[in-house]
Every structure is written in structure tokens, then in C-alpha cells.
């Protein structure tokens with residue numbers, strides 16, 4: 001059977017979670033934390049002994065190479081035994097540890113998706129700021145190690161736009177606000193082309209929300225065991241946080257009716273197994289507030305997310321701006337807070353209307369500017385919108401023609417991965 | 001007409017090569033195996049959907065209520081390929097457990113496991129010989145698989161694995177397969193032979209044996225890819241032991257494994273001539289290796305201990 005007649009494998013490696021599955025499905029088969037647990041204890045102990053126990057060293061080497069876990073399994077292993085070290089192969093949206101990344105992919109393919117990589121085309125994602133060299137490494141690993149027949153490396157923000165593609169109409173112009181665990185990018189896309197010069201990044205992402213919640217709970221003196229506090233904060237963030245319209249009002253609401261707003265968190269101490277519980281108060285709305293008033297979290301970066309989005313669109317070519325305001329697409333797990341899109345739309349609309357008003361008064365009321373439509377799009381699959389976009393793209397018949405094939409790789413080398421085959425000769 | 005409890009599952013099997021016999025588009029015993037594995041929840045539709053060998057109609061409302069049982073059954077449905085393709089294997093091994101040979105069976109049986117590829121069973125009353133012709137598309141894969149399999153065979157000799165099925169690797173087809181067409185025996189990574197004895201298929205071991213044999217090619221493929229990853233990142237040091245074998249093969253250099261022995265010798269001897277020569281003597285005497293491998297011994301001794309060569313475990317096979 002020809003690889004093109006089988007569904008392509010779509011893997012979206014994010015800083016926090018990896019989404020993997022087959023093209024044509026509406027949901028990824030697995031969503032797993034991007035983490036590898038490697039057992040390095042074998043290597044350290046064999047260093048002291050000399051050649052006398054050759055066979056022990058010998059098996060230690062095998063074990064160290066084969067003894068690793070990824071995803072949730074890795075987290076469980078590292079919790080239950082001290083022998084495993086956790087490695088996060090991706091940091092801030094960039095692959096940081098290629099060795100771990102390769103192992104991660106290997107487990108994804110053989111142990112989770114359980115397919116033969118020689119039989120399927122692959123679609124991987126990258127952040128818009130990835131260096132061409134990194135794309136080459138990806139290609140090298142995929143073609144050399146796994147012998148994939150074809151590979152397509154897509155920009156994740158374009159895929160997030162393509163995810164909306166089926167619901168309404170074919171709209172490939174818009175701003176993608178991608179708030180992941182490790183990186184936040186605001187990427188304007190016009191007709192499927194990324195406007196590279198206008199990409200804006202924010203040093204605040206999902207992980208910072210978690211850290212902020214952790215800090216708030218610690219300062220209030222909640223009794224959470226130190227070794228579990230980050231995980232507990234992450235769970236609190238994922239389960240209880242929401243976006244408020246006004247912080248002051250929200251504080252009042254909480255103070256008036258604490259019974260209604262204060263939640264409880266019950267956890268288990270990882271070391272002893274004893275249960276503990278704590279209260280969740282203001283951090284429910286203060287966590288997501290980090291994006292709208294960053295000064296409460298860090299003094300280094302104080303520009304709110306709506307202002308950055310506005311700046312990003314203002315720096316894009318003038319003929320695309322109206323279309324960009326009209327289609328602001330959210331993607332990534334950290335945009336999942338309740339009412340996040342409403343707050344974003346309201347704040348953005350305020351900025352835009354103020355500008356329109358200012359220009360009207362400047363002209364003196366003779367010419368009225370056409371009002372600018374601001375629209376923040378939210379859809380239920382936001383959490384894995386990038387993966388879904390990949391699934392849609394890879395299930396079209398044109399996909400296979402757009403891939404880099406193994407034959408091309410063997411003919412020209414890894415440099416073919418620098419360019420996107422859809423836009424041949426652009427670089 | 002949409003019913004959330006009814007699910008159609010269609011299966012397309014790899015194209016069988018000439019020597020493999022399919023009965024009504026399925027391997028023999030497949031229908032019985034499906035019925036035995038899934039019971040009432042599954043109904044076989046005849047004829048199957050266009051372009052598929054088999055269509056199953058699953059009635060999800062009949063799933064067991066108990067969480068554990070339900071999970072077991074769902075896993076079994078997910079491994080439908082093993083149930084269908086492994087059916088003949090299961091029949092033959094069951095006969096082995098009762099020390100008989102199924103009637104109306106030829107001297108050897110070919111079972112398809114990959115498109116246009118099959119492996120062979122030679123059933124006898126006391127043992128079943130299973131022969132896998134190993135084929136790989138990529139030339140580097142072929143070389144690595146060959147050395148992996150040799151290592152695999154050798155690891156069978158370690159003490160802990162004395163009960164595992166005897167395992168042999170050879171470059172040429174084993175004698176049991178006399179009479180099979182050349183086409184079916186065109187393997188580029190040699191032949192692996194397992195001898196399955198009645199004790200390997202007793203009771204619950206049968207399921208594991210069938211599973212391990214049906215996924216053997218995937219198992220080797222997994223380790224070959226693993227090996228490539230490790231050897232590329234850490235040059236040749238981590239998987240040195242296997243690369244030693246690779247190097248010993250004349251065509252390895254042509255296949256992309258480019259570490260030349262003489263180069264290594266030069267760099268090494270330049271460093272610490274006397275000490276190294278000494279070690280050559282020691283190691284080659286104590287281990288009785290031929291001259292061909294001298295330089296490797298030098299390296300093996302001088303290598304930083306954290307880069308110990310690996311051994312392949314035969315963990316997958318039942319004892």
C-alpha cells in the first residue's frame with residue numbers, strides 16, 4: 001500500500017503539551033506533556049568501576065539507552081523513583097534538547113501512535129520564529145532516523161487559522177494570538193503568508209500564569225507541600241481560573257459572597273500520600289489578569305496583551321489592517337480561560353475606537369471614518385486548534401504534493417527543509 | 001439512521017504474497033478467532049465494504065459494564081489486526097500445546113505479516129519452527145538490523161534467558177524451507193529462526209507468544225530506529241558494540257557507516273603508544289580475538305566508561 005493512501009501523522013509539539021494523531025480525525029489521539037524521563041543512574045555508577053565488571057557496564061549502557069519514558073508516564077516515573085531525570089526538550093517554543101526530542105518522537109511513533117514511520121507522511125509544526133537550521137535538524141531526524149516517506153513542517157499559527165477554515169469559509173487572513181505554555185506569539189497572516197516583520201512576542205505565557213498562582217497561594221500561607229506546589233497551581237489554573245471584566249468589581253464580589261466564589265483544592269502529598277486541602281481565592285481571576293495588566297506579575301514587561309495586538313496590526317501593511325482586526329483567532333491552551341475572548345475583544349475595541357475618535361476630531365468632523373470591525377474568534381477546539389488545522393490540511397489531496405519527499409532529501413540534503421515547498425523559491 | 005451504539009470497523013490486510021493462502025480474503029481460522037475474541041459484541045458483515053478484507057459491526061451497547069473488563073475488550077478490539085493475522089499462528093501453536101499437528105497442513109505454512117511479505121511456520125508435534133525473512137528498504141537499516149539480529153541471537157545465551165525459545169540468525173535460508181520459491185526468500189537482513197517448544201505455549205503464555213511473534217518485525221524496526229538515533233547523536237560510542245559488527249561487514253562502509261578502523265588506530269596510538277600496545281596484547285590474549293579486531297579492543301579499554309556498549313535484551317519473548 002502506498003504511503004499516500006494512508007492518513008498522514010500529525011504531531012504538534014508544544015512547550016507544554018504535545019498533540020499527536022492521524023490526519024482526518026477531529027481530535028488528536030493523545031495529548032501528552034512534552035517531557036522525557038531518562039534513567040541516568042546506570043551511567044554514573046559504572047564510572048567508578050574498572051574493566052573488571054565489563055558485562056555490568058555493558059548492560060548498563062543498554063538500559064540507559066532504552067530506559068526512558070515520555071509524557072504522563074514520565075511524570076509518574078519521576079515521582080515514584082529518584083533514578084529518573086526529567087528533561088523538557090522544548091523551551092519557549094524552540095527545541096532545546098535534540099537528543100530528548102528524538103527520543104520523544106520515537107516513543108510517539110512506536111509506542112503511542114503505534115505505526116511504522118516508513119508507511120506514513122508526517123506533518124510537524126514549528127513556531128514562526130524557528131531558525132531554518134532547526135528545521136534542517138528536524139528534517140534530518142525524520143528522514144535519516146525514521147525514514148519517513150514525506151515531511152511537511154508547517155508554521156503553527158497558519159495551522160491555527162486553517163482550523164477555522166472548515167467552520168465558516170476559507171479565510172486565511174487574520175491575527176493568530178497563540179498563547180501556549182512556554183511562548184506567546186502574535187502572528188499576522190495575510191492570505192496564508194506570515195507577515196514576518198510584524199510578529200510580536202510576549203514574555204508572558206501559560207507557565208507564568210502558573211508561577212503567579214503559585215506565588216499568590218504561597219504568600220497567602222496556604223499549606224501546600226513545596227514539592228507539589230507547581231503541579232497544584234497548574235491544576236488550579238486549568239480547572240478554576242476565569243477572566244473577569246473588572247478587577248476591582250471582582251474583588252468586591254469575592255468579599256461579599258466568599259462562599260460562592262472561594263473554591264477548595266484537595267491534593268495528595270507525593271512523598272507521604274497523605275491528603276491535604278487548601279482554599280482558592282482571588283487567584284481564580286488574578287491568574288489570567290496577568291495578560292491584561294502584566295505589572296501585577298513582573299516589573300520588566302508591562303504592556304498588556306490587547307495593546308501588543310494593536311501594535312502588531314498597526315505595523316502590518318495598511319491594506320491588510322481592517323481584515324486583520326476582523327479576524328483575531330485564539331489558539332493554545334492558555335486562551336481557554338472563560339470569557340478570555342470577550343475581554344480581549346472589549347479592550348481591543350476600546351483602543352481602536354479611541355484612535356478612530358482621535359482622528360475624527362483631528363480632521364474636524366468633516367469626514368467620518370468608517371468604523372473598524374474588531375472580532376475575536378473563539379472556538380471550542382482552541383486547545384488543539386493547531387493540531388486540528390494540521391489534520392485538516394494533511395487530509396487534503398494537495399498535501400502530499402506539498403511535502404518534502406525522501407527522494408528529494410537524498411538528492412539535495414537537509415537544506416530542502418529550509419524552505420516551505422508551497423512557496424518555492426521564496427527565500 | 002445514525003445510531004451511536006453501532007460502529008463499523010473495516011480492515012484492509014496487507015496484500016498476501018503468492019505463497020500465502022487466504023480463505024475468502026482472510027487468513028484461515030480468522031473468523032473463528034474473531035468470534036472467540038469478541039463474542040456477541042461483534043457481527044461480521046458479508047461481503048465486507050469495498051476495498052477492505054473484513055468489516056465488523058460493533059454493538060457498543062453490549063460492552064461489559066465493569067470498567068476493567070470493558071477496557072480489556074476495547075484493547076482487544078484495538079488489536080484486531082493481531083487477532084486476524086495471528087489466527088493461523090494461534091491455531092498451530094494450540095496444536096503444539098497438545099503436542100499434535102493440525103491435519104490438512106503442509107510441511108510449512110506461510111503467513112503474511114507485511115505487504116507482500118510472509119514468514120514461515122514449520123509445524124511438528126514437538127516443536128514449531130518459525131522463520132522470519134528480514135527485509136528492510138533502507139540500506140543503513142539493513143546493516144544495522146543485521147548486527148542487531150546477530151546480537152539478539154547471542155544474548156539468548158546469557159544465563160537469565162535459558163528458558164527463552166532458541167533463536168538463530170543466518171544469512172541464508174534455513175534448510176527447513178527447502179521448496180519455497182526464491183522470491184519469497186529474498187531477504188536482505190538474513191533469516192531469524194525461533195524454535196517454539198510446547199512449554200512456551202502453555203496456558204496463558206500462548207497469547208504472549210502469538211503477540212510477540214506477530215509484532216517481531218515491528219520490534220526489530222523499533223530497535224533499528226533507536227540505534228540510528230543514538231549512533232548519530234553520540235557518533236559511534238554509545239552503540240559501539242553493535243557498530244563493531246557493522247564494521248566487520250565488508251559492505252558497511254559503502255552503506256554510510258564511515259568510521260574507518262585505521263583512522264581510529266592512528267589517533268589512539270598517537271596518544272599513548274606504549275600503554276596502548278600493552279593493552280592490545282592483554283586484551284587480545286585474554287579474549288583470544290583475531291587480529292582483525294585488535295583496534296577495537298584498544299578502544300574498548302580506553303573508552304570512557306560512561307560510553308559502555310549496549311546489549312540487546314530479549315525481554316519480549318516468554319520463557
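Chains as they are written, first to last, in full-length UniProt numbering: chain A, 1 to 427; chain B, 1 to 319.
C-beta: ideal position from N, C-alpha, C; glycine also.
I'd like to know whether the C-beta atoms of residue i and residue j end up nearer to each other than 8 Å.
i                     : j                     : result
residue 121 (chain B) : residue 89 (chain B)  : yes
residue 194 (chain A) : residue 174 (chain A) : no
residue 201 (chain B) : residue 209 (chain B) : yes
residue 84 (chain A)  : residue 39 (chain A)  : yes
residue 154 (chain A) : residue 130 (chain A) : no
residue 100 (chain A) : residue 117 (chain A) : no
residue 21 (chain A)  : residue 34 (chain A)  : no
residue 132 (chain B) : residue 145 (chain B) : no
residue 23 (chain A)  : residue 68 (chain A)  : no
residue 195 (chain B) : residue 165 (chain B) : yes
residue 217 (chain B) : residue 81 (chain B)  : no
residue 385 (chain A) : residue 163 (chain A) : yes
residue 394 (chain A) : residue 74 (chain A)  : no
residue 140 (chain A) : residue 316 (chain A) : no
residue 102 (chain B) : residue 20 (chain B)  : no
Give the interface partners of residue i over in chain A, defined as CB-CB distance under 8 Å, in chain order.
i                     : result
residue 228 (chain B) : 144, 145
residue 141 (chain B) : 147
Does the beta carbon of residue i come closer than 8 Å to any beta carbon on chain A?
i                     : result
residue 212 (chain B) : no
residue 116 (chain B) : no
residue 53 (chain B)  : no
residue 10 (chain B)  : no
residue 38 (chain B)  : no
Using a cut-off of 9 Å between C-beta atoms, extract the partners of residue i located in chain A.
i                     : result
residue 225 (chain B) : 106, 109, 110, 117, 145, 146, 147
residue 178 (chain B) : Within 9 Å Cβ-Cβ: nothing; residue 178 (chain B) doesn't reach chain A, min ~31 Å.
residue 137 (chain B) : 118, 147
residue 218 (chain B) : 110, 114, 116
Who are the near neighbours of residue i in its chain, counting only those whose CB is closer than 6 Å to its CB and skipping five residues on each side?
i                     : result
residue 52 (chain A)  : Only weak support exists for where residue 52 (chain A) lies, its pLDDT of 47 falling under 50; the value from the coordinates is given anyway. Here the set comprises nothing.
residue 200 (chain A) : 186, 308, 312
residue 376 (chain A) : 328, 341, 344, 345
residue 96 (chain B)  : 128, 198, 201
residue 91 (chain B)  : 29
residue 150 (chain A) : 121, 403, 405
residue 87 (chain B)  : 27, 29, 30, 33
residue 112 (chain A) : 30
residue 234 (chain B) : Low confidence applies to residue 234 (chain B): its pLDDT is 47, below 50, so where it sits in the model is not reliable, and the reading given next is rough at best. Nothing meets the Cβ criterion.
Examine chain C for any beta-carbon lying closer than 8 Å to the beta-carbon of residue i, and answer yes or no.
i                     : result
residue 188 (chain B) : You won't find chain C in this structure, because its protein chains are A and B.
Does any residue of chain B have a CB that is nearer than 8 Å to the CB of residue i?
i                     : result
residue 102 (chain A) : yes
By Cβ distance, which residues of its chain are closer than 8 Å to residue i, with the 5 residues on each side in sequence left out?
i                     : result
residue 247 (chain A) : 285, 286, 289, 293
residue 4 (chain B)   : 60
residue 77 (chain A)  : 37, 69, 84
residue 263 (chain B) : Only weak support exists for where residue 263 (chain B) lies, its pLDDT of 33 falling under 50; the coordinates are left without a value.
For residue i, go through chain A and note every residue whose CB falls closer than 7 Å to its CB, in chain order.
i                     : result
residue 221 (chain B) : 116
Counting only the same chain and skipping the five closest in sequence on each side, list residues whose C-beta sits under 7 Å from that of residue i.
i                     : result
residue 107 (chain A) : 70
residue 203 (chain A) : 301
residue 117 (chain B) : 17, 135
residue 205 (chain A) : 179, 180, 181, 182, 183, 184, 334
residue 214 (chain A) : 229, 230, 233
residue 277 (chain A) : 264, 265, 266
Pick out the complete beta strand (DSSP E) segments inside the stretch 105-179 of chain B, 3 residues or longer, and give them in chain order. For the stretch 105-179 of chain B, whole beta strand (DSSP E) runs of length 3 or above, ordered along the chain, are 109-114, 117-123, 128-133, 167-170.
Within the stretch 28-109 of chain B, ranges of the beta strand (DSSP E) (whole runs, at least 3 residues): Counting only unbroken stretches of 3 or more residues, the beta strand (DSSP E) elements lying wholly within the stretch 28-109 of chain B are 42-45, 54-59, in sequence order.
Completely contained beta strand (DSSP E) runs for the stretch 176-213 of chain A, where each covers 3 or more residues: For secondary structure counted as the beta strand (DSSP E) over 3 or more consecutive residues, the stretch 176-213 of chain A holds these complete runs in sequence order: 184-190, 200-202.
Report the start-end ranges of each alpha helix (DSSP H) in the stretch 60-140 of chain A that is 4 residues or longer and not cut off at the edges. For the stretch 60-140 of chain A, whole alpha helix (DSSP H) runs of length 4 or above, ordered along the chain, are 71-80, 98-107, 132-140.
Return the chain-ordered ranges of every alpha helix (DSSP H) run that is complete within the stretch 346-422 of chain A and spans a minimum of 4 residues. As far as the stretch 346-422 of chain A is concerned, its whole alpha helix (DSSP H) runs of at least 4 residues are 385-394, 398-402, 406-412.
Entirely enclosed beta strand (DSSP E) segments - the stretch 300-354 of chain A, minimum 3 residues: Counting only runs of at least 3 residues, the stretch 300-354 of chain A fully encloses the following beta strand (DSSP E) elements, listed from N- to C-terminal order: 328-331.
Going along the chain, which unbroken runs of the alpha helix (DSSP H) with 4 or more residues stay wholly within the stretch 227-304 of chain A? Taking only runs of at least 4 residues, the alpha helix (DSSP H) segments lying wholly in the stretch 227-304 of chain A are 229-240, 247-256, 258-261, 283-289.
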